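Undergrad: In numbering that gives the first Met the number 0, the protein residues as written are 0 to 185. All residues carry an ideal CB built from backbone N, CA and C; glycine is no exception. Keep in mind it's a predicted model, so treat the numbers as computed, not measured.
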Amino acid sequence: MKRRLTCLIAFLGVLSAGCGIGSTGPVGAGGPASGLREPGSATHYAQLYFVSPYGIQPATREIDAPATPQQALDLLLEGPDAAERARGLITEVPLMDGRLVAQAADGAVDLHLPVPVANMTGGGSLGLSQIICTAANAQAADGKQPSDVDVRVYEEGFGTPWTIRCNEAGNVVPVPEPAPSQGATT
């Protein structure tokens, strides 16, 4: 019995010693946690398209609210930020006299260029691809795939728009005109 009592006292002594952890007062641990969003707050992104040595590449930027096509294009016109430049991304969107305007319309985008595409100096087709794909991605937030968003391009000096889309690779492709119905007479 004495032996059991000795073992119990030894066990309780080890247990109360806390396995060698001494008592301490409060210890400073730095500032509060950061980098975490408040519960219930949403994260929004704008998908911008820039040029790399490998072609058109998307770049994702965190923004405060969902971007309209116009807001996404305004970000694109600012050019790549430092992190995007470090990835080798550049812009081929030329400087244009006048404002580039994009408006969401019935699941599509109406894009008003201040100059004819033929007069876009510099990157020309690469710059146009950047513009079209950025606008299409902003409009695709409605649940469509960006490749399904029609972008109607209105060029300065031309009355009739033409329709184009951005494919999955970030290239622009024309939308074919519907074929005239067969059996129609003139």
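With ASP147 as the anchor, note down where its beta strand (DSSP E) starts and where it stops.
TA: Note, ASP147: premise wrong, no beta strand (DSSP E); not H, not E.
Undergrad: What is the rounded straight-line gap between the Cα of GLU83 and the Cα of GLU155?
TA: Each residue's alpha carbon lies about 31 Å from the other.
Undergrad: In chain order, which continuous runs of the beta strand (DSSP E) of length 3 or greater are located wholly inside the region 38 to 74?
TA: As far as the region 38 to 74 is concerned, its whole beta strand (DSSP E) runs of at least 3 residues are 43 to 51, 54 to 62.
Undergrad: Does the Cβ of VAL152 have 16 or more other Cβ atoms within 10 Å, making it buried, or fewer, making it exposed?
TA: Buried, since its Cβ has 16 or more Cβ neighbours within 10 Å.
Undergrad: Can you find the residues in the same chain that come closer than 6 Å, C-beta to C-beta, to VAL172, ignoring five residues on each side of it along the sequence?
TA: Around VAL172: ARG164, ASN166.
Undergrad: Quick check: LEU110 and VAL150, are their CB atoms within less than 9 Å of each other?
TA: In contact: LEU110 and VAL150 (Cβ atoms closer than 9 Å).
Undergrad: Is GLU192 helix, strand or coil when you go by DSSP?
TA: What is shown of the chain runs 0 to 185, which leaves residue 192 out entirely.
Undergrad: Hey, TYR48 and ILE55 are a contact pair by Cβ (cut 8 Å); roughly how many whole angstroms apart?
TA: Sure, about 5 Å apart at Cβ, within 8 Å.
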